[in-house]
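Structure, as structure tokens:
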Amino acid sequence: MPKMKTNRGAAKRFKRSAGGLKRGQSHRRHILTKKTTKRKRLLRSPMMINKADVGIVNRLLPYV
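Everything in the sequence shown is counted per the working numbering, starting at 1349 for the first residue and increasing by one.
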């Protein structure tokens, strides 16, 4: 049986941590003038992946 391949797009988006899988938040790339400073500041911090999506991401990242 050959080795499983890591999905490279997923490897760039998700990181493993002690508490689970981290992901960056969306809506921080452009059209920032209408967003409040507080909203942009809160979007900086990473979030944990939802429990429903953990199985899918684990399949995409077998060795990471």
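Backbone N, C-alpha and C fix where the C-beta goes; we use that ideal spot for every residue, glycine too.
A quick note: this is a predicted structure, and the numbers were derived from the prediction, not measured.
- Rounded to whole angstroms, the separation of the alpha carbons of P1350 and G1372 is 31 Å.
- Under the DSSP assignment, G1372 falls outside any beta strand (DSSP E); it carries neither an H nor an E label.
- With a threshold of 16 other beta carbon atoms within 10 Å, V1402 falls short and is exposed.
- Shortest Cα-Cα distance from K1370 to any of R1377, F1362, R1376 involves F1362.
- When rounded, the separation of the alpha-carbon atoms in K1353 and P1410 is 8 Å.
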